[in-house]
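Colleague: Quick one: the structure is below, questions incoming.
Protein chains: 2
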Amino acid sequence: MSKLLIVGTVAFDAIETPFGKTDKILGGAATYIGLSASNFDVDSGIVSVVGGDFPEEYLQMLRNHKVDTTGVEIVKEGKTFFWSGKYHNDMNSRDTLATELNVLENFNPIVPENYKNSEIVMLGNLHPLVQNAVLEQLSEKPKLVILDTMNFWMDIALNDLKEVIKKVDVITINDEEARQLSGEYSLVVAAKKIHEMGPKYVVIKKGEHGALLFHDGQAFFAPALPLEEVFDPTGAGDTFAGGFAGYLAKTEDISFDNMKNAVIHGSNLASFCVEKFGTERMQNVTEKEIKQRLLEFRELTQYEMSISK
Amino acid sequence: MSKLLIVGTVAFDAIETPFGKTDKILGGAATYIGLSASNFDVDSGIVSVVGGDFPEEYLQMLRNHKVDTTGVEIVKEGKTFFWSGKYHNDMNSRDTLATELNVLENFNPIVPENYKNSEIVMLGNLHPLVQNAVLEQLSEKPKLVILDTMNFWMDIALNDLKEVIKKVDVITINDEEARQLSGEYSLVVAAKKIHEMGPKYVVIKKGEHGALLFHDGQAFFAPALPLEEVFDPTGAGDTFAGGFAGYLAKTEDISFDNMKNAVIHGSNLASFCVEKFGTERMQNVTEKEIKQRLLEFRELTQYEMSISK
Numbered sequence: 001m002s003k004l005l006i007v008g009t010v011a012f013d014a015i016e017t018p019f020g021k022t023d024k025i026l027g028g029a030a031t032y033i034g035l036s037a038s039n040f041d042v043d044s045g046i047v048s049v050v051g052g053d054f055p056e057e058y059l060q061m062l063r064n065h066k067v068d069t070t071g072v073e074i075v076k077e078g079k080t081f082f083w084s085g086k087y088h089n090d091m092n093s094r095d096t097l098a099t100e101l102n103v104l105e106n107f108n109p110i111v112p113e114n115y116k117n118s119e120i121v122m123l124g125n126l127h128p129l130v131q132n133a134v135l136e137q138l139s140e141k142p143k144l145v146i147l148d149t150m151n152f153w154m155d156i157a158l159n160d161l162k163e164v165i166k167k168v169d170v171i172t173i174n175d176e177e178a179r180q181l182s183g184e185y186s187l188v189v190a191a192k193k194i195h196e197m198g199p200k201y202v203v204i205k206k207g208e209h210g211a212l213l214f215h216d217g218q219a220f221f222a223p224a225l226p227l228e229e230v231f232d233p234t235g236a237g238d239t240f241a242g243g244f245a246g247y248l249a250k251t252e253d254i255s256f257d258n259m260k261n262a263v264i265h266g267s268n269l270a271s272f273c274v275e276k277f278g279t280e281r282m283q284n285v286t287e288k289e290i291k292q293r294l295l296e297f298r299e300l301t302q303y304e305m306s307i308s309k
Numbered sequence: 001m002s003k004l005l006i007v008g009t010v011a012f013d014a015i016e017t018p019f020g021k022t023d024k025i026l027g028g029a030a031t032y033i034g035l036s037a038s039n040f041d042v043d044s045g046i047v048s049v050v051g052g053d054f055p056e057e058y059l060q061m062l063r064n065h066k067v068d069t070t071g072v073e074i075v076k077e078g079k080t081f082f083w084s085g086k087y088h089n090d091m092n093s094r095d096t097l098a099t100e101l102n103v104l105e106n107f108n109p110i111v112p113e114n115y116k117n118s119e120i121v122m123l124g125n126l127h128p129l130v131q132n133a134v135l136e137q138l139s140e141k142p143k144l145v146i147l148d149t150m151n152f153w154m155d156i157a158l159n160d161l162k163e164v165i166k167k168v169d170v171i172t173i174n175d176e177e178a179r180q181l182s183g184e185y186s187l188v189v190a191a192k193k194i195h196e197m198g199p200k201y202v203v204i205k206k207g208e209h210g211a212l213l214f215h216d217g218q219a220f221f222a223p224a225l226p227l228e229e230v231f232d233p234t235g236a237g238d239t240f241a242g243g244f245a246g247y248l249a250k251t252e253d254i255s256f257d258n259m260k261n262a263v264i265h266g267s268n269l270a271s272f273c274v275e276k277f278g279t280e281r282m283q284n285v286t287e288k289e290i291k292q293r294l295l296e297f298r299e300l301t302q303y304e305m306s307i308s309k
């Protein structure tokens with residue numbers, strides 16, 4: 001089993017959806033990635049930062065899921081990163097109501113000694129300079145570096161982002177972000193252009209419309225599981241990335257064929273994430289439920305067809 | 001092999017896309033359905049109506065594809081149905097610039113004697129009363145009746161539409177239409193509600209986001225093939241329906257498992273339709289090209305995963 005290093009926010013979120021709203025609850029890219037990857041029983045550790053206001057019980061919850069939190073710096077006198085957003089009725093778009101960077105503003109990530117040789121590195125959504133600073137601290141070249149990012153960094157730190165994108169093997173972004181980064185509307189052409197920026201693998205997340213994996217002229221598609229109700233989409237993309245990275249860390253096989261399975265696992269886990277507010281569902285999803293839903297994915301996507309020459 | 005009866009418009013279209021525009025060219029739901037189904041070498045016949053302005057060579061082209069046009073009434077003194085539309089830059093939305101019903105206004109469909117015992121009936125987009133009038137003329141209960149419709153009929157003839165929907169086995173509509181017809185946003189819930197209206201099978205077409213087949217609590221999903229360029233989406237939904245119906249007519253197997261294949265064949269043929277203006281690509285697509293792309297669909301969707309108990 002490979003060691004998985006996770007970088008990203010550990011945060012407070014306040015979320016409003018058509019189904020209700022929350023006060024400040026646990027959120028953050030690294031939180032979702034860590035919880036998702038924990039379903040593969042891998043040795044994973046988070047590099048992040050929180051303020052003195054962050055409850056120790058949240059960190060304990062992550063540790064209970066076997067996520068190492070040694071790399072989560074606690075700035076006693078600081079406040080934790082806070083994001084607040086409101087989803088529209090279609091759940092596909094949202095307004096950001098508040099973004100308070102707080103301790104993130106001057107974050108210098110420090111990778112714990114025993115994660116400097118991680119085989120798989122998942123650079124979750126954060127300033128590209130922070131993502132890069134993590135890569136620079138590694139003692140060995142990882143087997144696979146995966147980067148997730150957002151349009152926000154394309155807007156304010158595009159050059160820094162392009163520098164770190166050069167160094168990664170896989171990039172996971174959503175469809176609109178792929179279009180923004182490449183300047184191309186067609187996702188096929190966008191993936192090609194992003195491929196030329198560095199990553200050998202490009203994963204384009206389309207939310208309820210599934211995810212596409214592109215590599216070297218090949219493409220693989222995983223749908224999102226059709227659900228009766230999407231309660232809260234927050235963290236679904238990070239949960240996808242965490243499942244993707246966690247599965248690859250567990251299986252130690254980074255072939256394209258195995259990445260197809262990683263995409264399915266990511267989609268599968270994301271389908272749970274959206275069923276409750278925040279991380280609630282991901283904290284208690286069981287192995288049995290996960291397997292059951294993998295069987296549903298198989299029914300949803302697999303068919304028998306003989307194609308004659 | 002089953003006989004396939006196709007009802008729908010045979011028309012003139014004038015299309016504008018970001019790539020260019022056309023004068024009046026051949027269009028119509030039945031045209032696309034017939035051309036698509038012809039790839040399965042089935043005995044198919046169209047019931048429709050055109051005006052005296054409709055070129056005989058268009059009908060000849062359909063006959064060259066072994067589509068029987070005996071049931072296409074020619075109203076010498078009338079004008080052919082004309083639709084004109086302009087696609088937006090994203091190709092997912094369009095404005096209708098003109099709709100001239102012309103000979104469609106007083107159309108009384110007449111099913112040719114030798115198609116009254118068709119095993120598969122494809123009711124393409126037309127007034128629900130016309131679709132119903134065709135069903136009333138059949139001498140035997142078909143093995144499978146498939147209905148395609150549009151939001152237009154939900155707006156102006158909802159009760160007539162609901163009456164004919166009661167009588168069909170499969171309905172194919174797009175996502176927005178499914179939402180309008182059911183009053184539900186979730187496509188899973190929408191499919192359930194539409195199922196309760198009559199059809200045992202509900203196909204929801206999502207354009208570039210693929211198609212979902214629902215039946216009795218089960219779901220199957222086929223993506224659209226990711227393309228570098230969508231040139232003209234006109235007729236893609238009809239081409240999908242024609243491929244779906246044609247494949248079922250050819251294989252004479254209306255099990256859910258075989259319908260999965262029918263959905264793949266429909267998506268596959270639709271991927272060609274959008275590559276050129278109007279029916280151009282569907283007039284010359286070859287068996288070899290179709291098979292090649294079925295292999296691409298397999299690569300795109302199929303994976304090997306063992307799921308332990």
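First to last, the protein sequences are chains R and C.
Residue numbers for the first sequence follow our numbering, beginning at 1 and rising by one.
Residue numbers for the second sequence follow our numbering, beginning at 1 and rising by one.
We treat Cβ as the ideally placed atom computed from N, Cα and C, and that holds for glycine.
1. Entirely within the segment 249-279 of chain C and at least 3 residues each: give me those beta strand (DSSP E) ranges in chain order.
2. State yes or no: is the C-beta of V230/C within less than 9 Å of the C-beta of V170/C?
3. List the residues of chain C that Q180/R touches, going by C-beta distances under 9 Å, in chain order.
4. Take F19/C and list the residues in its own chain whose beta-carbon comes closer than 6 Å to its own, dropping the five residues that flank it on each side.
5. Please report the Cβ distance between V202/R and H195/R, rounded to the nearest whole angstrom; I am assuming they are in contact, meaning their Cβ atoms lie under 8 Å.
6. Is N261/C close to chain R, meaning its C-beta is less than 9 Å from at least one C-beta of that chain?
7. Any Cβ of chain R within less than 9 Å of the Cβ of L269/C?
8. Tell me which residue opens and which closes the alpha helix (DSSP H) that N151/R is part of.
9. With DSSP as the reference, label V10/C as helix, strand or coil.
10. Using the C-alpha atoms, what's the distance from S93/C back to V121/C?
11. In or out: R281/R buried (at least 16 other Cβ within 10 Å) or exposed?
12. Leaving aside the five residues before and after T251/R along the sequence, list all residues of the same chain whose C-beta is less than 7 Å from its C-beta, in chain order.
13. Let me know the alpha helix (DSSP H) ranges lying completely inside the segment 34-78 of chain C, each 4 residues or longer, listed in chain order.
14. To be precise: take each residue of the segment 285-300 of chain R, compare its Cβ to all Cβ atoms of chain D, and keep it if any distance is under 7 Å. Which residues remain?
15. Buried or exposed: L300/R, going by 16 or more other Cβ atoms within 10 Å of its Cβ?
16. Using the beta-carbon count (16 or more within 10 Å), is F152/C buried or exposed?
17. Residues bridged to D238/C by DSSP?
18. Measuring alpha carbon to alpha carbon, tell me which of R293/C, L5/C, P233/C ends up nearest E113/C.
19. From the beta carbon of A236/R, is the nearest beta carbon of chain C less than 9 Å away?
20. Flag this pair as touching only if the segment 183-192 of chain R and the segment 68-81 of chain R have three or more C-beta atom pairs under 8 Å; answer yes or no.
21. Let me know the alpha helix (DSSP H) ranges lying completely inside the segment 133-197 of chain R, each 4 residues or longer, listed in chain order.
22. F220/R versus chain C: which residues are under 7 Å apart at the beta carbon?
23. Please compile the residues from chain R whose C-beta is within a distance smaller than 7 Å of the C-beta of E229/C.
24. Could you say which of E296/R, G235/R, D253/R, M305/R lies nearest to S36/R if we only look at CA atoms?
25. Please confirm whether K260/R and L213/R have their CB atoms less than 9 Å apart.
26. Measure the C-alpha to C-alpha separation of L269/C and I15/C and round it to an integer number of angstroms.
27. To which residues of the same chain is G51/C closer than 7 Å at the C-beta, ignoring the five residues directly before and after it?
28. Here's the rule I'm using: 16 or more other beta-carbon atoms within 10 Å means buried, otherwise exposed. How should G207/R be labelled?
29. Between A211/C and G266/C, is the Cβ-Cβ spacing less than 9 Å?
30. Of all the CB atoms in chain C, is at least one closer than 9 Å to the CB of M34/R?
31. Could you list which residues in chain R have their beta carbon closer than 7 Å to that of L212/C, in chain order?
32. Please identify the residue among P109/C, I307/C, P55/C whose C-alpha is closest to the C-alpha of V134/C.
33. Contact criterion: CB-CB distance below 9 Å. Does D216/R meet it with respect to chain C?
34. Short check: CB of G278/C to CB of T96/C, under 9 Å?
35. Are the segment 122-129 of chain C and the segment 237-249 of chain C touching by the rule of at least three beta carbon pairs closer than 8 Å?
36. Note down, in chain order, each residue of its chain lying with its Cβ closer than 6 Å to the Cβ of K200/C, except the 5 sequence neighbours on either side.
Modeller: According to the structure data:
1. none
2. no
3. Chain C residues near Q180/R: none, gap ~14 Å exceeds 9 Å.
4. F231
5. 6 Å
6. yes
7. no
8. 151-156
9. coil
10. 29 Å
11. buried
12. N258
13. 56-64
14. In the structure shown, chain D cannot be found, because the protein chains are R and C.
15. buried
16. exposed
17. According to DSSP, D238/C bridges with nothing at all.
18. L5/C
19. no
20. no
21. 151-156, 158-165, 175-182, 187-196
22. L300
23. S186
24. G235/R
25. yes
26. 20 Å
27. V75, G78, K79, T80, N102, V103
28. buried
29. yes
30. For clarity, residue 34/R is Gly in the given sequence; the question names Met instead. No, G34/R does not count as interfacial toward chain C.
31. P226
32. P109/C
33. no
34. no
35. yes
36. D169
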